[in-house]
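Read through the structure below, which is laid out as structure tokens, and then see the notes.
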Amino acid sequence: MSGLVVPGQMVLIPIIQMIKSVGIPMNQYTPILMFITCSLPFSTFLYTGFIRSGVPEELEEAAHIDGAGMFRRYWQIVFPLLLPVTVSVVITQGVWIWNDYFFNMVFITKTLAAPLPVAMLGFLGDQQNPAQWNVLFAACILCALPLLLAFLALQKYFVGGMTVGAVKG
Numbered sequence: 001m002s003g004l005v006v007p008g009q010m011v012l013i014p015i016i017q018m019i020k021s022v023g024i025p026m027n028q029y030t031p032i033l034m035f036i037t038c039s040l041p042f043s044t045f046l047y048t049g050f051i052r053s054g055v056p057e058e059l060e061e062a063a064h065i066d067g068a069g070m071f072r073r074y075w076q077i078v079f080p081l082l083l084p085v086t087v088s089v090v091i092t093q094g095v096w097i098w099n100d101y102f103f104n105m106v107f108i109t110k111t112l113a114a115p116l117p118v119a120m121l122g123f124l125g126d127q128q129n130p131a132q133w134n135v136l137f138a139a140c141i142l143c144a145l146p147l148l149l150a151f152l153a154l155q156k157y158f159v160g161g162m163t164v165g166a167v168k169g
């Protein structure tokens, strides 16, 4: 729960110092490390609540009695039941990671390695060049399109995953 309370942006300076002391290079893969560590608390919270309320122990016990090993029980019994929460985690965390601006600006210094939200800054212009609003809005639409398509494809699982564990009346 403490991982949900303390945001990654709040501890950014100690994390940068730790990354430099360990010798991890600052490139386009460094934000991935940050995204994984910042996504773990929320993902763990969702999975824990879903497993407690949505995965019956009896199914796993029956598979164990039938002779299924731990790996087979997970992939054939438990994981298909976790599909709604897995889609919910992919969508909620995917939208945050896709749209993230802060970690990418801090860790990625090369212009060619910048992701789309950071690369769209080039369309804003400066004192000599005016902002290219038509190109910027077209880039915004193209940047949002993969998220919209993913959500449309996974919508039924997302709604099911977010409502599991709710109070039934």
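With the UniProt record's numbering as the guide, the letters of the sequence shown map in order to residues 1 to 169.
Just so it is clear, CB atoms sit at the ideal spot from N, CA and C, and this is done for glycine as well.
Residue of the options minimising C-alpha distance to residue i
i: Thr30; options: Met120, Pro115 and Ala150; result: Pro115
i: Gly49; options: Leu142, Val89 and Ala144; result: Val89
i: Trp98; options: Cys143, Leu149 and Leu154; result: Cys143
i: Cys38; options: Phe79, Leu4, Leu83 and Ile141; result: Leu4
i: Lys110; options: Ile32, Met26, Arg73 and Leu145; result: Met26
Below-8 angstroms beta-carbon distance, residue i vs any chain C residue
i: Leu145; result: This model lacks chain C altogether; it includes just one protein chain.
Distance CB(residue i)-CB(residue j) smaller than 8 angstroms
i: Ile51; j: Ala63; result: no
i: Val22; j: Leu46; result: no
i: Ala113; j: Gln28; result: yes
i: Val87; j: Tyr101; result: no
i: Leu83; j: Val55; result: no
Assigned exposure category for residue i - 16 Cβ within 10 Å defines buried
i: Met18; result: exposed
i: Met34; result: buried
i: Val6; result: exposed
i: residue 207; result: Residue 207 lies beyond the stretch modelled for the chain, which goes from 1 to 169, so this question has no answer here.
i: Val167; result: Bear in mind that the predicted position of Val167 carries a pLDDT of just 43, short of 50, making it unreliable; the figure below should be weighed with that in mind. Val167 comes out exposed.
i: Leu59; result: exposed
i: Leu149; result: exposed
i: Leu145; result: exposed
- Query: Touching or not, the segment 8-22 and the segment 99-109, by the rule of three or more beta carbon pairs under 8 angstroms?
  - Reply: yes
- For the segment 34-48 against the segment 84-103, are there 3 or more C-beta pairs whose distance is under 8 angstroms? yes
- Would you call the segment 115-125 and the segment 133-144 touching, i.e. three or more CB-CB distances under 8 angstroms? yes
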